[in-house]
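These notes concern the structure reproduced below.
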Amino acid sequence: MSESRVAKATIRDDARLDALAEAEEEHGSLADAIRFAVSEAYVDGDDASETENGEIPLKAREGHRKLVEWTGIGGRIELETAESVLANHLNIKTDAIRRIVVKPLKAADVIRLHQGVHDVWVIVGSLDDATASVDAEPDASAPKAATDGGEARERLDELAAAGAEVAGGE
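So this is what it looks like as structure tokens:
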């Protein structure tokens, strides 16, 4: 068994303090943020996706619960939609979702990513048996959520183009 240490440092630089506060918010605690940073900087990158005892980090577990709530075990959700939903639910930046939630869950084989012709899908597995399978293609007739670039986004693009034409004609 490895020994543990407590590290303490005083930081006075405003930029580093801001970065530390943001990392603390993203990871849920200051200790988890520092562990992650040390793992990313000095240890193989895959090790940073788990805590020191091999468990899935808290934010990733919360994200998994939200994915299960939306899709159920074995369900699918488009990756961009999942990122938007998780960023909103976990109150972290969308850019950080892949690093904080998707990467640890994928490393633990709790979710899988499936590259379709037009979309990337997240297949949600169970934390208990820690497997997610890619058996079948997503249902082509399933409607997309408004956040994933479906009909709502197309309609907004049409309205924006029409507004630009009107503004250009004045």
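Those letters in the sequence shown? Residues 2 to 171, by this note's numbering.
Don't be surprised by glycine CBs; every beta carbon is placed ideally from N, CA and C.
Check: Just the C-alpha distance for S30 and L18, rounded to the nearest angstrom, thanks.; Outcome: 14 Å
Check: If you draw a straight line from the C-alpha of A109 to the C-alpha of I124, how long is it?; Outcome: 13 Å
Check: Taking I78 and L68 to be in contact with their CB atoms under 8 Å, please state how far apart those CB atoms are, rounded to whole angstroms.; Outcome: 7 Å
Check: Please go through the same chain and pick out, in chain order, the residues whose beta-carbon is closer than 6 Å to the beta-carbon of L80, but skip the five residues on each side of it.; Outcome: V121, V123
Check: Under a three-way DSSP split, which group does V123 fall into?; Outcome: strand
Check: Confirm, please, whether the CB-CB distance from A38 to A24 is below 9 Å.; Outcome: yes
Check: Looking only at its chain, what residues have a beta carbon closer than 6 Å to the beta carbon of R36, apart from the 5 residues adjacent to it on each side?; Outcome: none
Check: When the Cα atoms are used, what is the spatial distance from D16 to A163?; Outcome: Asp is not the amino acid found at residue 16; the sequence shown has Ala there. Each residue's Cα considered, the two are about 43 Å apart.
Check: According to DSSP, is R156 helix, strand or coil?; Outcome: helix
Check: How should V86 be labelled, buried or exposed, when 16 other C-beta atoms within 10 angstroms of its C-beta is the threshold for buried?; Outcome: buried
Check: What do you reckon, are the CB atoms on P105 and A61 nearer than 9 Å?; Outcome: yes
Check: Can you list, in chain order, the residues of its chain whose CB lies under 8 Å from that of K94, leaving out five sequence neighbours each side?; Outcome: E27, A88
Check: Tell whether a beta-carbon distance below 9 Å holds between K107 and R100.; Outcome: no
Check: Between V102 and D158, what straight-line distance do the alpha-carbon atoms span, to the nearest angstrom?; Outcome: 30 Å
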